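**Student:** Numbering (this note's numbering), first residue to last: 526 to 700.
1) Please give me, in chain order, every unbroken run of the beta strand (DSSP E) with length at least 3 that falls completely inside the stretch 613-652.
2) Run through the stretch 644-697 for me and flag every whole beta strand (DSSP E) of 3 or more residues, listed as ranges in chain order.
3) Do residue 630 and residue 608 count as a contact pair if the criterion is CB distance below 8 Å?
4) Opposite residue 600 in the DSSP bridges: which residues?
5) How is residue 609 classed by DSSP in three states: helix, strand or coil?
6) Note down, in chain order, each residue of its chain lying with its Cβ closer than 6 Å to the Cβ of residue 522, except the 5 sequence neighbours on either side.
7) Within the continuous beta strand (DSSP E) that includes residue 702, where are the two ends?
8) Measuring only from the beta carbon, is residue 645 closer than 7 Å to any heavy atom that is part of the ligand FMN?
9) Please confirm whether residue 655 and residue 687 have their CB atoms less than 8 Å apart.
10) According to the neighbour-count rule (16 or more other Cβ atoms, all chains shown, within 10 Å of its Cβ), is residue 674 buried or exposed?
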């Protein structure tokens, strides 16, 4: 298994969720146990030199990658959810998507001040979702030690939006 094989396994869905969007479907990768293990192991290797206390990830596909990566690294995982999904007291931020607006929440007690946090997601596009996750983590006093992605859409400029942070992506696509 290698990243070329993983990239070939990703299904491209044109015009989803709306015209002009080329959706990268990772379900074809995560349903394959060997492929899923490979991407988790590869991500773990790429962040092995970092001090990570906890991993955070925005809803929902980051949960699929972030939780097993946290397990592999021996740290916890904190979900960043859509409004109304977390049961305890939260902080909230709104953000722009490529195709609309949304908001995310994080439990107020999810991150302790000074904790080193790796934020993980399946895809980096414009960076709007992740910069919002970063701001939520930082609002709670977390230290964002890096941003890890399975896929990066290079032409959408997310890496520029996140230029103050260390960004790692396994697979790159033009938009």
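The beta carbon of each residue, even a glycine, is placed where N, CA and C say it ideally should be.
These figures come from a predicted structure and were not determined experimentally.
**Tutor:** Answer, in terms of the structure:
1) 615-622, 625-632, 641-649
2) 668-678
3) yes
4) Note: residue 600 sits in no beta bridge, so no partner.
5) coil
6) Limits of the chain in this structure are 526 at one end and 700 at the other, which puts residue 522 out of reach.
7) Given that the chain is displayed from residue 526 to residue 700, the structure contains no residue 702 and the question cannot be resolved.
8) This structure lacks the ligand FMN; in fact it carries no ligand of any kind.
9) yes
10) buried
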